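J.: The opening residue of the sequence shown carries number 8 in our numbering; numbering runs sequentially from there. Glycine included, C-beta positions come from ideal geometry on N, C-alpha and C. Since the structure is predicted, the reported quantities are computational estimates derived from the model, not experimental observations.
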Amino acid sequence: ARRAPKPSNTAASVGSTGGSEEDEGGRPLIIASSLKKCDTPETCVRQWNALQSWSHCANTIIHLFGETDPSILEGTNNIHIHEKYKASESGVPLLSGIVKVLHKEAKKRNAVAVMWVNGDIIIHPDQLEAGVKMLDEAFTEFFAVGHRTTVEVEGKLPFRSKKKLSKKISKILAATNTDREDAEDYFIWSPNFFRKDPDGAAEVFPDFLIGRPAYDNWLVNKAVQSGKPVVDMTNSLLCLHQKHTYAHLSNDKHTYWDTADQKQNYKLGKEHGGWQFGLIEFAPFTTSPTTCAHDNLRAATPCRVVPNADWKPPKGTKLTLRGYEKYKRSA
8 ARRAPKPSNT
18 AASVGSTGGS
28 EEDEGGRPLI
38 IASSLKKCDT
48 PETCVRQWNA
58 LQSWSHCANT
68 IIHLFGETDP
78 SILEGTNNIH
88 IHEKYKASES
98 GVPLLSGIVK
108 VLHKEAKKRN
118 AVAVMWVNGD
128 IIIHPDQLEA
138 GVKMLDEAFT
148 EFFAVGHRTT
158 VEVEGKLPFR
168 SKKKLSKKIS
178 KILAATNTDR
188 EDAEDYFIWS
198 PNFFRKDPDG
208 AAEVFPDFLI
218 GRPAYDNWLV
228 NKAVQSGKPV
238 VDMTNSLLCL
248 HQKHTYAHLS
258 NDKHTYWDTA
268 DQKQNYKLGK
278 EHGGWQFGLI
288 EFAPFTTSPT
298 TCAHDNLRAA
308 TPCRVVPNAD
318 WKPPKGTKLT
328 LRGYEKYKRS
338 A
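#1: Excluding the 5 residues flanking Gly104 on each side, which residues of the same chain have their C-beta closer than 7 Å to its C-beta?
#2: Which residues bound the beta strand (DSSP E) around Val160?
#3: If you draw a straight line from the alpha carbon of Pro296 to that of Thr241, how long is it in whole angstroms?
#4: As a quick exercise: from Pro213, Ala151, Pro320 and His301, pick the residue whose alpha carbon is nearest that of Leu245.
#5: Within the same chain, show all residues whose beta-carbon is closer than 8 Å to that of Met141, passing over the 5 residues directly before and after it, in chain order.
#6: Between the Cα of Val238 and those of Asp189, Ala145 and Gly330, spot the shortest distance and give me the residue it belongs to.
#7: Does the Cβ-Cβ distance between Phe284 and Pro314 come in under 9 Å?
#8: Report the option in Lys274, Ile130 and Gln232 whose CA atom is closest to the CA atom of Lys322.
#9: Anyone know if the C-beta pair for Phe118 and Arg202 falls short of 9 Å?
#10: Should Ile130 be listed as close to the ligand NAD, given that the test is whether its C-beta is under 8 Å from any heavy atom?
#11: Can at least three beta-carbon pairs, one atom from the stretch 74 to 90 and one from the stretch 46 to 58, be found at a separation below 8 Å?
#12: Quick check on Ser97: does DSSP put it in helix, strand or coil?
#13: Would you tell me roughly how many angstroms separate the C-alpha atoms of Glu29 and Asn84, rounded to the nearest one?
#14: Leaving aside the five residues before and after Lys114 along the sequence, list all residues of the same chain whose C-beta is less than 8 Å from its C-beta, in chain order.
#15: Give me the Cα-Cα distance between Gly162 and Leu58, rounded to the nearest whole angstrom.
#16: Using the Cα positions of Ile86 and Gly280, report the straight-line distance between them to the nearest angstrom.
#17: Applying the 10 Å Cβ sphere with the 16-neighbour rule, what's the burial state of Glu278?
#18: I'd like the span of the beta strand (DSSP E) that includes Pro314, first residue to last.
#19: Is Leu328 buried or exposed, if buried means 16 or more other CB atoms sit within 10 Å of its CB?
#20: With burial defined as no fewer than 16 other Cβ atoms inside 10 Å of the residue's Cβ, what is the status of Arg219: buried or exposed?
#21: Starting from the C-beta of Asn125, find all residues in its chain whose C-beta is less than 6 Å away, skip the five residues before and the five after it, and write them out in chain order.
#22: Could you tell me which of Ala230, Glu210, Trp61 and Lys107 sits nearest to Arg167, measuring between CA atoms?
#23: Identify, in the order they occur along the chain, each residue of the same chain with its Cβ nearer than 8 Å to the Cβ of Ala307, setting aside the five sequence neighbours on each side.
#24: Return the residue from the list Asp127, Ile88, Pro205 and Gly138 that minimises the CA-CA distance to Ala65.
#25: Here's the rule I'm using: 16 or more other beta-carbon atoms within 10 Å means buried, otherwise exposed. How should Thr324 be labelled?
#26: Mark His255 as exposed unless 16 or more other C-beta atoms lie within 10 angstroms of its C-beta, in which case mark it buried.
#27: Taking the CB atoms as reference points, tell me whether Ile68 and Glu136 lie closer together than 9 Å.
#28: Since His131 contacts Asp186 with CB under 8 Å, what's their CB separation in whole angstroms?
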C-alpha cells in the first residue's frame, strides 16, 4: 500500500449547516466515505446529494477519503478531509485504514456507532438518525446493512425542506425498479462490535480496496459469523443508489470485474474467511413493519427490530436466536 496524494481541499471541517457533534448533546455517529474528483457536473451533483443527506442527519461527524471536490462541501458541517490515507498502488482507499480511523474516532468521541457508506448513496437523514437510535436501544452490540435501490436523480435534492425532500424521494421511488440482491452500500456497527475485548484493541482488517467487488460481502460474512446481532435495515432505511456509468475507471473495460483490483480483493477474501454468508439474507434480525421506510416519507412511523422470520442458522455454524439474547438491552 502507499500513501495517497493530497486531495484538492485540505480543510479539517467546513460549512455551517447540517448535523453537529454537539447537536442535542447526544453521542455522535462517525461516518466515513470515499469520494473522487468531479470529472463531470453530474458526478458533482451525485456526490453533493449523498454528502448532504448524511450531513443533515443530526449529530454526525463525517470523514472523507479521496480527491474531494470543494464544490460539494457547500452547506455541510463537521466534514474532516484526510490528506493522507492508506491506499492501493492505484490510489484506491483501503478498508483497513478507514476502519482504523473510524474506531479511533469512535473511542475518542464516545460515538454511538460508526458507518461506512459509498459516495453515491443518499440516505434520508431522519431515517438514519432514527435507525441508529433504534439499533442502540435494541442491542449493546450491533451490525446493520440493507438493500439498496438504484434511482435516477436529476439535479440537487431539496435538503433544506424535509417535506419537499420526502415528496421528491417518493416521486423518484415511484419510477424505480428492483436492484441487485448482492449489492451492499452501507454498514453501521457499534464501536466495540469488532473487538473481542471491549477494552482491547480493535481488530485489524485486511487491505481490501474500497468500492471494489467482494469486500462488502466479506464484511457482512464476518459480522454474521461473529455471533453478535446483525440487522437487515431495508424496511426502515431507504438506501438510494444514484445511477451512473463507470466511465471514470482507469481500465479500458470501464468495469470493476476481471480487473487487478477485483482479483486482489478476491484473494484477500479467500485468505481471511471468505464471504459465503455475506448476503443480507443471513441477517438474523430485520425491522418492522415492512413498509416502515416508505411510511416515514409521509408521517413519522415507529420502526422496531424483530427476529427475521425467514432466518435459518448458516450451515456449519452454531448460531441460534437464543445466542443473541445476551446482547439485548433490558426493557
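T.: Checking against the coordinates, here is how it stands:
#1: Tyr92 and Lys93
#2: That residue, Val160, is in no beta strand (DSSP E); it is neither H nor E in DSSP.
#3: 11 Å
#4: His301
#5: Ser243, Thr294, Cys310, Arg311 and Val312
#6: Comparing Cα-Cα distances from Val238 to each of Asp189, Ala145 and Gly330, the minimum goes to Ala145.
#7: no
#8: Gln232
#9: Here residue 118 is Ala; the residue named in the question, Phe, does not match the sequence. No, they are not a contact pair.
#10: For the structure depicted, the ligand NAD is absent and the ligand set is empty, with no information on it obtainable.
#11: Taking a contact to require three or more Cβ pairs closer than 8 Å, the stretch 74 to 90 and the stretch 46 to 58 qualify as touching.
#12: coil
#13: Reliability fails at Glu29, whose pLDDT of 44 lies under 50, so the model's placement of it is uncertain and no value is given.
#14: Pro198
#15: 14 Å
#16: 34 Å
#17: exposed
#18: Arg311 to Pro314
#19: exposed
#20: buried
#21: Excluding positions up to five away in sequence, the list reads Asp192.
#22: If we check each option's Cα against that of Arg167, Trp61 comes out closest.
#23: none
#24: Gly138
#25: When all chains shown are included, Thr324 counts as exposed.
#26: Its pLDDT being 49, under 50, His255 is placed unreliably by the model, and the measurement read from it follows with that caveat. His255 should be labelled exposed.
#27: no
#28: For a cut-off of 8 Å, the C-beta gap from His131 to Asp186 is around 17 Å, too long to register as a contact.
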